[in-house]
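*Asks:*
Protein chains: 2
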Amino acid sequence: MQQQMSLITLGIADLARSQRFYGGGFGWTPVFETPGIVFYQMNGLMLGLWPQKDLEEDMQRGGLARPGAFALAHNVPTKEDVQIVLDRLATAGGRILRNGDAPPHGGFRGYVADPDDHAWEIAWNPAWPIDAQGHVTFGI
Amino acid sequence: MQQQMSLITLGIADLARSQRFYGGGFGWTPVFETPGIVFYQMNGLMLGLWPQKDLEEDMQRGGLARPGAFALAHNVPTKEDVQIVLDRLATAGGRILRNGDAPPHGGFRGYVADPDDHAWEIAWNPAWPIDAQGHVTFGI
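Line order of the protein sequences matches chains A and B.
If you number the first sequence the way the numbering used here does, the last residue is 140 and the count never jumps.
If you number the second sequence the way the numbering used here does, the last residue is 1140 and the count never jumps.
(1) Can you tell me the Cα-Cα spacing of residue 43 of chain A and residue 29 of chain A, whole angstroms?
(2) At 7 angstroms on the CB atoms, spell out the chain A contacts of residue 1034 of chain B, in chain order.
(3) Name the chain A residues that come within less than 8 angstroms of residue 1008 of chain B, Cβ to Cβ?
(4) Roughly how far, in whole angstroms, is the beta-carbon of residue 1065 of chain B from the beta-carbon of residue 90 of chain A, given that I think they are within contact range, below 8 angstroms?
(5) Take residue 1061 of chain B as the anchor and find which of B/1135, B/1130 and B/1011 has the nearest alpha-carbon.
(6) Checking the sheet assignment: what are the DSSP bridge partners for residue 1070 of chain B?
(7) Apply the 10 Å Cβ neighbour rule to residue 1095 of chain B and answer buried if 16 or more other Cβ atoms are within range, or exposed otherwise.
(8) Looking at the ligand HEM, does it come within less than 8 angstroms of residue 81 of chain A, judged from the CB to the closest heavy atom?
(9) Provide the residue(s) that pair with residue 20 of chain A in DSSP beta bridges, ordered along the chain.
(10) Taking a Cβ distance cut-off of 9 angstroms, strictly less, list which residues of the stretch 54-67 of chain A are near chain B, in chain order.
(11) Would you mind reading off the limits of the alpha helix (DSSP H) that contains residue 1091 of chain B?
(12) Indicate whether at least one CB of chain B lies closer than 9 angstroms to the CB of residue 166 of chain A.
(13) Are the CB atoms of residue 78 of chain A and residue 50 of chain A within a distance shorter than 9 angstroms?
(14) Identify whether residue 52 of chain A lies in helix, strand or coil by the three-state DSSP scheme.
(15) Mind listing the chain A neighbours of residue 1134 of chain B? Cutoff is C-beta to C-beta under 7 angstroms, in chain order.
(16) Which same chain residues, not among the five before or five after residue 99 of chain A, have their C-beta less than 7 angstroms away from its C-beta?
(17) How far does the beta strand (DSSP E) with residue 1112 of chain B in it extend, from its first residue to its last?
(18) Is it buried or exposed, residue 133 of chain A, if we count other Cβ atoms within 10 angstroms and call 16 or more buried?
(19) Excluding sequence positions up to five away, which residues of its chain have a Cβ less than 7 angstroms from the Cβ of residue 1019 of chain B?
(20) With DSSP run on the structure shown, which of helix, strand or coil describes residue 15 of chain A?
(21) Would you say residue 102 of chain A reaches chain B, if we count a Cβ-Cβ gap shorter than 9 angstroms as a contact?
(22) How would you call residue 118 of chain A, buried or exposed, if buried means at least 16 neighbouring beta carbons within 10 angstroms?
(23) Would you mind sorting residue 115 of chain A into buried or exposed? The rule is 16 or more other CB atoms within 10 Å of its CB.
(24) Got a sec? Which residues, its chain only, sit under 7 angstroms from residue 1006 of chain B by beta carbon, not counting five neighbours each side?
(25) With the cut-off set at 9 angstroms, would you say residue 1081 of chain B and residue 1130 of chain B are in Cβ contact?
(26) When the Cα of residue 1023 of chain B is compared with those of B/1093, B/1139, B/1072 and B/1127, which residue comes out closest?
The following block contains the structure:
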């Protein structure tokens, strides 16, 4: 089967609050937006923001917890950008979990929680090339 | 900033068990694999499987919960594929949350939990084109 992920949907509590973080912090523009759901066109997949109750109903499973055991990552072009982006996201309603520093495996990264406590890693990883469309490839 | 997600990392409990699901169920091949982490090259981003304790340590936040308030999705080419893939994933160690049926917004979908209770939606969505590299575009 195609190694393909079409969508990641985050269960959220307040769509306007999330849009301040994703629009105001990351500077992203939705490709589709209603009072009930927002989609962002990402690099070969979609990011969806959906009220948690609707996600639970669609999934037929209640009691989803936050923060969950996962992290999303956004890679930036330079080491210096890591802290700049973390700070910008904190100003837009996020909460810094770890300020930028160097992990043992190389590069530079920090973590920020979005308004619903979903974690984003902001990383500079020169080993993973990113093309003009944002497609990320595994390097060495 | 680029509308780009470079990586989604799932916190897992048993790497071999997860690889049976992702390798045996989805049929995906890792691009990088050690006893401590596995990466799959996806459509313009990476999927990482990492023991939850390592993710928590890197994030400097403990107590991450499963299942979390999110869902990943994999789109299939035909309506009939939805249940076939759900069943195959259940055989590979997953647990079906919702068998395939038609949501109000169109298409056809079901949900399956991976061995760590992370949710995957398996969807047929003719409105979102997928190219040969697996890049998914928002349609109408």
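Note that the Cβ used here is the ideal one computed from N, Cα and C, for glycine as well.
Because the structure is a prediction, the values reported are computed rather than measured.
*Replies:* Reading off the structure:
(1) 13 angstroms
(2) Per Cβ cutoff of 7 angstroms: no residues; residue 1034 of chain B is ~10 angstroms from chain A at best.
(3) 5, 8, 70, 71, 72 and 73
(4) Contact flag wrong, Cβ pair sits at about 23 angstroms.
(5) B/1011
(6) A/10
(7) exposed
(8) With respect to small molecules bound, the structure shown includes none, and the ligand HEM cannot be examined in it.
(9) Residue 20 of chain A pairs with nothing; no bridge assigned.
(10) 55, 56, 58, 59, 60, 61, 63, 64, 65, 66 and 67
(11) 1079-1091
(12) In the structure as shown, chain A starts at 1 and stops at 140, and residue 166 of chain A therefore has no counterpart that could be examined.
(13) no
(14) helix
(15) 2, 3, 4 and 44
(16) 83, 86 and 110
(17) 1108-1113
(18) exposed
(19) 1038
(20) helix
(21) no
(22) buried
(23) buried
(24) 1045 and 1046
(25) no
(26) B/1093
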